[in-house]
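Residue numbers (the numbering used here): 95 to 411.
Glycine included, every Cβ here is placed at the ideal spot set by N, Cα and C.
A quick note: this is a predicted structure, and the numbers were derived from the prediction, not measured.
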């Protein structure tokens, strides 16, 4: 009788086990759906933010370009929307932005690539573990600190041996901005160099190459896509920088390539008009959106070029 009851209970327990496993699988599938929805929402937030930014720029810029032609805006050599007679030629702001970013790019590429080569090919592990975090600290310093550092230290230092007539100049702003973006170049370039396969280095050493020749003629060309991507990313960061150029480069929309003169960048002008003194909805107020739209297009083109370079010249190992 007891054995008969045991035989009756066993199917019931088996069915309960099957039901519990089904219940667990349903919970797992539900959890996966929730995770999928959360990840999709996280992705859509960035996409919607980008669409919202583009929509705002286009909507406000449309009112500006109804009054000022695109040709006048792009080709004009005088920028004076705050004074009479008004002029809306953005070339002085473009020239100032590119000049400051160009100086920063030269400084960042020279120092950053040199640091990356040393960390990748020369530095012992103990030294690399110390120097690399120290370099990355530079990226965490607030940009306002960099701006006052350029104004109060770098500019007087440059004036001691260069004929800089005023305290505001693009050279000191560009140099300090290059120091700010140097960790981005050095870190990403060093990661690209470390990813180069060891057999390439060993083959070069077997052919009698020195360590410097291996670094400059084997490792750097092999890691060139990553280096170019790092440089373009850092240059885009320099083009969009605001506080350093606002504090150290001045507010003079000057169409010049002389790094010793005061200039005004596109971001510095946006800060100048956005301080709250310009009435909303006026033509002057809408200029910040037109300049912002142009700045957005410039950085977008740079990133597209960077992605093309990476895809075109990436080596498959």
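Rounded separation between residue i and residue j - CA only
i	j	result
residue 114	residue 143	43 Å
residue 187	residue 224	40 Å
residue 353	residue 198	12 Å
residue 336	residue 133	33 Å
residue 334	residue 324	16 Å
residue 154	residue 380	6 Å
residue 350	residue 174	16 Å
residue 124	residue 290	43 Å
residue 267	residue 393	20 Å
residue 166	residue 346	20 Å
residue 249	residue 372	31 Å
residue 389	residue 274	20 Å
residue 385	residue 192	14 Å
residue 116	residue 138	33 Å
residue 157	residue 146	17 Å
residue 209	residue 276	9 Å
residue 286	residue 236	27 Å
residue 396	residue 320	15 Å
residue 284	residue 168	39 Å
residue 405	residue 212	26 Å
residue 326	residue 308	25 Å
residue 387	residue 216	44 Å
residue 152	residue 120	47 Å
residue 102	residue 122	Because the pLDDT at residue 102 is just 48, under 50, the model does not fix this residue reliably, and the point stays unresolved.
residue 200	residue 131	45 Å
residue 172	residue 348	8 Å
residue 363	residue 382	8 Å
residue 185	residue 359	10 Å
residue 196	residue 356	15 Å
residue 219	residue 183	53 Å
residue 256	residue 136	51 Å
residue 150	residue 231	35 Å
residue 367	residue 181	15 Å
residue 303	residue 294	12 Å
residue 163	residue 331	29 Å
residue 305	residue 403	27 Å
residue 398	residue 361	21 Å
residue 177	residue 170	16 Å
residue 179	residue 365	22 Å
residue 239	residue 282	24 Å
residue 118	residue 129	16 Å
residue 229	residue 391	31 Å
residue 226	residue 292	21 Å
beta-carbon residue i near the ligand MG non-hydrogen atom, thresh 8 Å
i	result
residue 208	This structure does not include the ligand MG; it has no bound ligands of any sort.
Beta-ladder partner(s) of residue i, from DSSP
i	result
residue 173	182
Residue i - containing alpha helix (DSSP H), residue span
i	result
residue 265	264 to 288
residue 227	219 to 231
residue 339	337 to 342
residue 309	Element bounds for residue 309: n/a, residue is neither H nor E.
residue 255	Neither: residue 255 is in no alpha helix (DSSP H) and is coded neither H nor E.
residue 319	318 to 333
residue 358	Looking at the DSSP string, residue 358 is not in any alpha helix (DSSP H), and its letter there is neither H nor E.
residue 293	292 to 300
residue 238	237 to 243
Contact belief for residue i with residue j at Cβ below 8 Å, rounded distance in angstroms
i	j	result
residue 343	residue 194	6 Å
residue 341	residue 241	3 Å
residue 270	residue 244	4 Å
residue 280	residue 206	4 Å
residue 322	residue 400	7 Å
residue 202	residue 272	4 Å
residue 258	residue 251	Rounded, the Cβ-Cβ distance is 10 Å, inconsistent with contact.
residue 141	residue 214	With a Cβ gap of about 36 Å, residue 141 and residue 214 do not count as contacting.
Cβ of residue i within 9 Å of any chain B Cβ
i	result
residue 259	In summary, chain B is missing from the structure at hand, where a single protein chain is found.
Does the count of Cβ pairs from the region 297 to 309 and the region 373 to 389 closer than 8 Å reach three? Short answer: they don't touch.
Is it true that the region 257 to 277 meets the region 305 to 313, where meeting means three or more beta-carbon pairs spaced less than 8 Å apart? no
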